[in-house]
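J.: Numbering (the UniProt record's numbering), first residue to last: 1 to 710.
Just so it is clear, CB atoms sit at the ideal spot from N, CA and C, and this is done for glycine as well.
On a predicted model such as this, the values are computed, not experimentally measured, just so you know.
This is the structure I want to talk about, given as structure tokens.
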């Protein structure tokens with residue numbers, strides 16, 4: 001590697017530190033402007049920021065590399081400090097510094113010259129008194145600062161090769177790790193088996209609904225614990241064996257829609273490019289944060305597609321919760337696109353809650369994009385400044401600045417001639433008086449103009465513009481209400497008394513708040529009771545969400561009396577959304593399950609663990625199980641009917657882990673009966689699982705033995 005190339009790489013890496021930080025800060029501002037619900041806009045902004053974080057250092061290195069000839073030309077034309085005449089001494093340096101400092105005080109052509117410069121030039125350029133001291137001190141400070149900066153840059157440049165070598169080593173390690181992950185993923189895809197034909201047909205039908213033109217294969221594998229989309233040109237969906245038996249068909253279709261959304265959006269290819277940028281800038285925390293934002297918003301975008309395909313966000317949230325209980329292996333970064341990427345609790349809350357913030361308008365989204373792109377325009381001149389280069393290379397005829405200061409513009413010592421007076425134009429003759437207006441003209445002028453047409457009703461606006469108008473228009477504050485707003489207020493049963501009551505409680509009586517709270521059935525008593533229970537004033541959006549989900553004071557009191565913490569409105573909303581009610585809590589308490597958090601209750605309810613299930617499992621000897629064990633058993637499909645059938649077929653294990661493995665791999669009474677007829681009896685759980693996952697059945701056993709039947 002040549003020295004020039006190494007220097008260019010080193011400076012590019014150094015500049016990437018502040019450039020990436022600037023891009024990350026700009027992205028943070030843009031994300032706040034866009035809002036948390038606009039997943040597609042946030043994803044596009046984050047991807048643009050990642051590209052920008054890589055493009056700026058590349059531009060810096062390219063500029064340094066191709067600007068080398070110009071710098072060499074300047075270095076050869078400027079004499080070294082040792083070439084100055086030694087007789088000059090301190091006085092010569094002082095005069096040089098003074099001349100350089102004076103050149104910094106040049107005035108623009110045509111502007112008035114300060115009087116002190118005229119006096120100074122009148123004395124043949126010799127500075128004197130306070131002005132000479134000021135110029136000399138300022139010039140000395142500038143020269144010393146320049147020398148210190150030059151020395152620091154020289155020290156940095158002398159050690160740039162070590163920085164580049166460390167970067168190359170880091171890139172090599174990161175590349176090796178990602179290559180190993182890629183090879184592992186490909187091996188899993190190669191070992192996977194085709195899914196049942198019925199599910200492949202469902203996937204094809206779902207692909208057509210989502211507008212996918214490429215064929216997508218559905219494979220099942222025991223090496224993955226969550227569904228994952230792999231590949232770009234020939235995509236496949238890897239499906240864990242446990243999901244076929246552990247998830248209801250409707251929930252599994254929702255999860256598959258999420259994976260197909262990854263394929264439709266080409267997320268696999270984008271993720272590979274993202275991993276490449278992360279590998280090159282592995283040392284930069286701002287780049288890692290930008291990449292994290294991309295992954296989070298990517299999952300939100302696919303969640304929106306899955307919800308649009310299914311039409312029920314709460315059911316999809318339950319599917320994600322049930323899918324989480326099936327996980328056995330810890331999650332690790334992978335090039336594959338998984339349905340459980342990102343933060344699952346945050347995704348579930350986003351799905352079950354009402355929109356609380358949205359992109360204010362298309363103008364705001366466009367402004368955010370322009371803000372992000374404008375950071376390139378801001379960073380480019382800063383890069384040029386720090387690189388110490390100008391856009392144009394110096395011409396051969398240019399004189400060095402230090403060897404010969406630029407000439408001071410010649411000022412005339414003669415008194416300046418005043419400017420010639422501007423000739424005064426003769427006054428214009430007075431205009432002739434206007435003829436008297438006619439009576440008809442006077443009547444026309446004094447008559448009131450036609451009444452302007454009324455503003456178009458708000459119903460002509462788009463739905464987003466209408467919502468924004470409703471959020472901004474306050475009732476009772478003297479603002480004009482549109483026809484649509486008046487109708488909405490009337491249909492919602494809003495009265496002046498209701499407006500006054502909410503205003504007295506501290507809520508802004510906008511059209512949006514009044515209509516939404518009224519349709520949700522929120523009364524002043526409900527507001528006061530909920531604020532008292534939570535010990536703070538809840539926002540209008542929180543109250544509406546809680547009331548829509550059925551979180552009432554009675555519901556909160558029932559959970560509190562059962563020993564649960566009810567201080568978090570979001571946790572209450574989540575529990576209520578998945579169906580945690582008073583009967584469910586009472587039944588679990590009677591079964592001996594107390595002291596759990598609301599999150600654990602929600603997980604139990606989402607996968608279908610209820611008091612009846614617990615009682616039936618107790619009858620089969622599985623008593624006093626932990627809540628986590630119950631969730632895992634129910635999620636993979638271990639139910640009393642299946643348990644009774646395998647007990648009758650000879651499997652008597654009580655180990656919950658072994659039962660999960662048997663059910664997840666599809667070991668049932670029919671499979672056990674076939675093995676028994678083929679002569680395989682008293683097999684261990686591990687042997688049964690290996691036979692089932694290996695595709696060995698009774699038919700195969702008989703053929704291998706060559707007996708035809710046994």
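Mind listing, in chain order, the continuous alpha helix (DSSP H) runs of no fewer than 4 residues lying wholly within the stretch 137-212?
T.: 160-191, 197-209
J.: For residue 433, count neighbouring C-beta atoms within 10 Å of its own C-beta (all shown protein chains included) and say buried if the count is 16 or more, exposed if not.
T.: No answer about residue 433 holds up, because its pLDDT of 44 lies below 50 and its placement is not dependable.
J.: Would a C-beta distance cut-off of 9 Å place residue 280 and residue 171 closer than the cut-off?
T.: yes
J.: Would the beta-carbon of residue 251 fall within 9 Å of that of residue 323?
T.: Taking 9 Å as the Cβ cut-off, residue 251 and residue 323 qualify as a contacting pair.
J.: Please determine, among 681, 44, 239, the residue with the shortest C-alpha to C-alpha distance to residue 222.
T.: Among 681, 44, 239, the Cα nearest to that of residue 222 belongs to 239.
J.: Taking buried to mean at least 16 other C-beta atoms within 10 Å of its own C-beta, is residue 718 buried or exposed?
T.: Coverage of the chain is limited to positions 1 through 710, which leaves residue 718 absent and any answer about it impossible.
J.: So residue 285 is in the alpha helix (DSSP H); what residue range does that whole segment cover?
T.: 285-310
J.: What first and last residue would you give for the alpha helix (DSSP H) that runs through residue 615?
T.: 611-619
J.: So, for residue 630: in the same chain, excluding its five sequence neighbours on each side, which residues have a beta-carbon less than 6 Å away from its beta-carbon?
T.: For residue 630, where only same-chain residues beyond five positions count, the Cβ hits under 6 Å are 609.
J.: Below 8 Å on the Cβ atoms is my guess for residue 675 versus residue 698; work out the distance and round it to an integer in Å.
T.: 6 Å
J.: Buried or exposed for residue 626, please, with buried defined as at least 16 other CB atoms from any protein chain shown within 10 angstroms of its CB.
T.: exposed
J.: Quick check on residue 236: does DSSP put it in helix, strand or coil?
T.: Under the three-state reduction of DSSP output, residue 236 falls in the strand class.
J.: What separation, rounded to the nearest whole angstrom, lies between the Cα atoms of residue 561 and residue 605?
T.: Cα-Cα distance, rounded: 19 Å.
J.: Under the rule that 16 or more other beta-carbon atoms within 10 Å means buried, what is residue 188, buried or exposed?
T.: Residue 188 is buried by the Cβ-count criterion.
J.: Where do the N-terminal and C-terminal ends of the alpha helix (DSSP H) with residue 221 fall, by residue?
T.: Where residue 221 is concerned, there is no enclosing alpha helix (DSSP H), although the beta strand (DSSP E) it sits in stretches over 217-221.
J.: From residue 564 to residue 528, what distance separates their C-alpha atoms?
T.: 22 Å
J.: What number of angstroms, rounded off, separates the C-alpha of residue 659 from the C-alpha of residue 633?
T.: 8 Å
J.: Name the DSSP beta bridge partners of residue 510, please?
T.: 474
J.: Give me, in chain order, the residues of the same chain whose beta-carbon lies closer than 7 Å to that of residue 594; leave out the 5 immediate sequence neighbours on both sides.
T.: 563
J.: So does the stretch 542-554 actually touch the stretch 518-526, counting three or more Cβ pairs closer than 8 Å?
T.: The stretch 542-554 is in contact with the stretch 518-526.
J.: Quick one: give me the first and last residue of the alpha helix (DSSP H) that residue 250 is part of.
T.: Secondary structure note for residue 250: its alpha helix (DSSP H) is the uninterrupted segment 249-264.
J.: Specify whether the stretch 35-52 and the stretch 309-318 touch according to this definition: at least 3 beta carbon pairs, one from each stretch, less than 8 Å apart.
T.: no
J.: Looking at the secondary structure, which residues open and close the alpha helix (DSSP H) in which residue 534 lies?
T.: 524-534
J.: Look at residue 672 and residue 646 and say whether their C-beta atoms are less than 9 Å apart.
T.: Going by C-beta atoms, residue 672 is nearer than 9 Å to residue 646.
J.: In the DSSP assignment, find the unbroken alpha helix (DSSP H) run with residue 36 in it and report its ends.
T.: Careful: residue 36 lies outside any alpha helix (DSSP H) and carries neither H nor E.
J.: What three-state label does DSSP hand residue 699 in the structure shown?
T.: helix
J.: Ends of the alpha helix (DSSP H) at residue 660?
T.: 656-664
J.: If you compare alpha carbons, which of 55, 577, 47, 217 is closest to residue 349?
T.: 577
J.: Taking Cβ positions, are residue 264 and residue 211 nearer each other than 9 Å?
T.: yes
J.: Anyone know if the C-beta pair for residue 664 and residue 685 falls short of 9 Å?
T.: The beta carbons of residue 664 and residue 685 sit no closer together than 9 Å.
J.: If you drop the 5 nearest sequence neighbours on each side, which residues of the same chain put their C-beta closer than 8 Å to that of residue 493?
T.: 518
J.: Could you check the C-alpha separation between residue 364 and residue 34 for me, to the nearest Å?
T.: Only weak support exists for where residue 364 lies, its pLDDT of 42 falling under 50; the coordinates are left without a value.
J.: Looking at residue 194: is its Cβ nearer than 9 Å to the Cβ of residue 216?
T.: no
J.: Quick check: residue 601 and residue 585, are their CB atoms within less than 9 Å of each other?
T.: Result yes, Cβ atoms of residue 601 and residue 585 sit closer than 9 Å.
J.: Would you check if there are 3 or more beta carbon pairs closer than 8 Å linking the stretch 59-67 to the stretch 23-43?
T.: No, because fewer than three Cβ pairs between the stretch 59-67 and the stretch 23-43 fall closer than 8 Å, the two stretches do not touch.
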